[in-house]
Amino acid sequence: ILNVEQSPQSLHVQEGDSTNFTCSFPSSNFYALHWYRWETAKSPEALFVMTLNGDEKKKGRISATLNTKEGYSYLYIKGSQPEDSATYLCAFPGDDKIIFGKGTRLHILP
Amino acid sequence: SAVISQKPSRDICQRGTSLTIQCQVDSQVTMMFWYRQQPGQSLTLIATANQGSEATYESGFVIDKFPISRPNLTFSTLTVSNMSPEDSSIYLCSAPTGGIPDTQYFGPGTRLTVL
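Here you go:
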């Protein structure tokens, strides 16, 4: 059974600070790694899809890196803002379905 | 991009009753997916809803408990039958974006509490 792990489970960050969290996934048979942002009462929204080892993607203050050999991806948020409060999910396409991590719940403190 | 809506957004139900969740996509899609997120757990795929054929259920989920309908290419329903408190979850439907492989559009979810 494929396992996708995210840490930490929950994170409180002061507004203006930068933060990062991790997704680990099976390094064999890698195909792609997805990051989603899920705000309360809204739909999960695709942030990035990462496919190449060493890949780095950026969207505004949010960026992500990928290491397929060791099986991890980092998501970075620079200068956290209240609107960054959400659950961040990573997802790994398996043979027949997509496996999601449990998510990192990010709280931005004013 | 596709817009997916779900009804109801939340509900509180009594043990033993059933709830049907509706999912509407604003464009035609071949496949729709139903997920569940129990408290503290991952998003878990319940089943794939295919138009014109029976849904395909993942291990641990059965049709009697989670009957699914897919009458056309824009609509699907999931019924949670004979509910127990363990069914308290967020239920999400999704559809592929049709662009980047495996990227999904999601509905906003149905937050179900079973007493």
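Listed in order, the protein sequences are those of chains A and B. Numbering-wise, the first sequence is residues 6 to 115 according to this note's numbering. Numbering-wise, the second sequence is residues 1005 to 1119 according to this note's numbering. Where is the CB? At the ideal position from N, CA and C, for every residue including glycine. Only a predicted model underlies this, so the values are computations on that prediction, with no experimental measurement involved.
For residue i, return the contacting residues in chain B, with the cut-off set at a CB-CB distance below 9 Å.
i	result
A/His39	Ile1104, Asp1106, Thr1107, Gln1108
Quick one: what's residue i bridged to in DSSP?
i	result
A/Tyr77	A/Ser29, A/Asn72
A/Pro82	At residue 82 of chain A the sequence reads Ile, which differs from the Pro that was named. According to DSSP, which records beta bridges pairwise, A/Ile82 is partnered with A/Thr24, A/Ile67.
A/Leu52	Beta-bridge pairing links A/Leu52 to no other residue.
B/Met1036	B/Ala1053
B/Lys1011	B/Gln1026
A/Leu38	A/Met55
A/Phe105	A/Ala96
B/Phe1110	B/Ser1098
B/Gln1041	B/Leu1047, B/Ile1094
A/Asn8	Answer by DSSP bridge pairing: none, since A/Asn8 is not bridged.
B/Thr1083	B/Thr1024
A/Ala91	A/Leu111
B/Thr1117	B/Ile1016
B/Leu1187	In the structure as shown, chain B starts at 1005 and stops at 1119, and residue 1187 of chain B therefore has no counterpart that could be examined.
A/Gln19	A/Leu114
A/Lys62	A/Ala69
Along chain A, which residues have their Cβ under 9 Å away from the Cβ of residue i?
i	result
B/Leu1049	Lys102, Ile103, Ile104, Phe105
B/Gln1045	Lys107
Does the Cβ of residue i have 16 or more other Cβ atoms within 10 Å, making it buried, or fewer, making it exposed?
i	result
A/His39	buried
B/Ser1148	Residue 1148 of chain B is absent from the model: chain B starts at 1005 and stops at 1119.
A/Leu57	exposed
B/Ser1005	exposed
A/Gln118	With chain A covering only 6 through 115, there is no way to say anything about residue 118 of chain A.
A/Ala46	exposed
A/Gly108	buried
B/Gln1045	exposed
B/Thr1114	buried
A/Arg42	buried
B/Ile1050	buried
A/Ser78	buried
A/Ile113	buried
B/Gln1032	exposed
B/Pro1112	buried
B/Val1029	buried
Under 8 Å Cβ-Cβ, which residues of chain A neighbour residue i?
i	result
B/Glu1062	Lys102
Using a cut-off of 7 Å between C-beta atoms, extract the partners of residue i located in chain A.
i	result
B/Ile1008	Ser48
B/Pro1012	Near B/Pro1012 there are no residues of chain A at all, since even the closest Cβ is about 13 Å away, more than 7 Å.
B/Pro1112	Ala46, Lys47, Ser48
Whose Cβ in chain B lies nearer than 7 Å to the Cβ of residue i?
i	result
A/Ala91	What A/Ala91 touches in chain B: nothing, since even the nearest Cβ is about 13 Å away.
A/Leu7	Per Cβ cutoff of 7 Å: no residues; A/Leu7 is ~11 Å from chain B at best.
Just to make sure I have the definition right: I need the residues of chain B whose C-beta is within less than 8 Å of the C-beta of residue i. Which are they?
i	result
A/Ala69	None at all; the shortest Cβ gap to chain B is about 14 Å.
A/Leu94	Leu1047
| task | Output, in sequence order along the chain, the residues in the segment 1085-1099 of chain B whose CB is closer than 7 Å to any CB in chain A. | result | The segment 1085-1099 of chain B vs chain A, Cβ under 7 Å: nothing.
Original post:
Residues in the segment 54-66 of chain A with C-beta within 8 Å of chain B's C-beta atoms, listed in sequence order?
Top reply: Listed by position along the chain: Val54.
ask   = With contact counted as at least three CB pairs below 8 Å, one residue from each stretch, are the segment 1016-1024 of chain B and the segment 81-95 of chain A in contact?
value = No, they do not touch.
Checklist entry - Is it a yes or a no for the segment 37-53 of chain A touching the segment 61-80 of chain A, going by three-plus beta-carbon pairs under 8 Å? => result With three or more CB-CB distances shorter than 8 Å, the segment 37-53 of chain A counts as touching the segment 61-80 of chain A.
Checklist entry - Is the number of C-beta pairs between the segment 98-112 of chain A and the segment 1075-1087 of chain B that are closer than 8 Å three or more? => result The answer is no - the segment 1075-1087 of chain B does not touch the segment 98-112 of chain A, with fewer than three Cβ pairs under 8 Å.
* Asked: Do the segment 1095-1102 of chain B and the segment 1027-1044 of chain B meet, that is, are 3 or more Cβ pairs less than 8 Å apart?
  -> With a cut-off of 8 Å, the segment 1027-1044 of chain B and the segment 1095-1102 of chain B count as touching, because enough Cβ pairs lie within range.
| Would the segment 1063-1081 of chain B and the segment 9-17 of chain A be scored as touching if the rule is three or more Cβ pairs under 8 Å? | The segment 1063-1081 of chain B is not in contact with the segment 9-17 of chain A.
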